[in-house]
Amino acid sequence: MLAAMAGLPLAAAGAGVASAATATADWRALIPQAQALGGGDMSWFGFRIYRATLWSASRPFDATQPFALQLSYYRSISRERLVRTSIDEIRRLSPAPVAAATLTRWEALLDTAFIDVAEGDELTGVYLPGKGMRLYDRQRLLAELDDETLARAFFDIWLNPDSRDRKLRQRLMGSAP
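Now the structure itself:
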């Protein structure tokens, strides 16, 4: 897995991505008591891809409560690569086959929304139970996806017990391997 998260530029409402004016916003306002639970580097074949940090007000971690996953990139990755890797990982981690139409819709949403990332970019995804997710580029709101199923599947890329990097998952949750 090279990466699986980029920010989402704002897209037209009605396609599962809520529209709003790009504005300065702080994801921490959504989780005011958030603390870093843990973090670590994601590497692929010895190359560092990003530094991940999991933020939550719940300790121990509770995936049914709002949380944020922050990624600080060490290298550039194209939007296309991020979308393809995300969909591949969602498919791989799903406990049951995901309908082709659903995957196609999710891929279109992510393709419309994701941006290329460069070394030094810091993107944060916030999971909002019952709603979906918001994505930020540092303090700037990029997009809001109103699809809770996609949001859960997306964050499972890092938080599922069968994630590609199980040691990173443990470090994110504050239990170093």
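So the sequence shown is residues -20 to -1, 1 to 157, counted in mature numbering (1 follows the signal peptide of the UniProt record, and there is no 0).
All C-beta atoms in this analysis are idealised placements derived from N, C-alpha and C, irrespective of residue type, glycine included.
Predicted model, so just to flag it, every value in this text is computed and none were measured.
* Starting from residue 20, follow its DSSP beta bridges and name the residues at the other end. => Beta bridge pairing from DSSP links residue 20 with 32.
* **Same chain, Cβ closer than 8 Å to residue 67, neighbours up to 5 away in sequence not counted** => Contacts found: 83, 86, 87, 90.
* Asked: With 16 other CB atoms within 10 Å as the buried threshold, where does residue 24 fall?
  -> When all chains shown are included, residue 24 counts as exposed.
* Can you have a look at residue 60 and say buried or exposed, based on whether 16 or more other CB atoms are within 10 angstroms of its CB? => Classification of residue 60: exposed, given that the 10 Å Cβ count is below 16.
* Reference residue 58, options 122, 99, 38, closest by Cα -> Nearest of 122, 99, 38 to residue 58, Cα basis: 99.
* residue 32: buried (16+ other C-beta within 10 angstroms of its C-beta) or exposed? -> Using a 10 angstroms sphere on the CB of residue 32, the tally of other CB atoms reaches 16 or more, which defines it as buried.
* residue 136 and residue 22: beta carbons closer than 7 Å? -> Judged by beta-carbon spacing, residue 22 lies beyond the 7 Å limit of residue 136, meaning their Cβ atoms are not closer than that value.
* Is the beta carbon of residue 142 sitting closer than 7 Å to the one on residue 49? -> Against a cut-off of 7 Å, the Cβ pair of residue 49 and residue 142 comes out as no contact.
* residue 9 to residue 148, Cα distance in whole Å? -> Residue 9 and residue 148: Cα-Cα distance of roughly 26 Å.
* Asked: How is residue 69 classed by DSSP in three states: helix, strand or coil?
  -> In the structure shown, residue 69 sits in a helix (DSSP, three-state: H, G or I).
* **Assigned secondary structure, residue 150 (DSSP; H/G/I helix, E/B strand, else coil)** => The answer is helix: DSSP assigns residue 150 an H, G or I state.
* **Terminal residues of the beta strand (DSSP E) in which residue 104 lies** => From DSSP, the beta strand (DSSP E) with residue 104 extends over 102 to 108.
* Asked: Cβ of residue 115 within 7 Å of Cβ of residue 123?
  -> Yes, Cβ-Cβ distance for residue 115 and residue 123 is below 7 Å.
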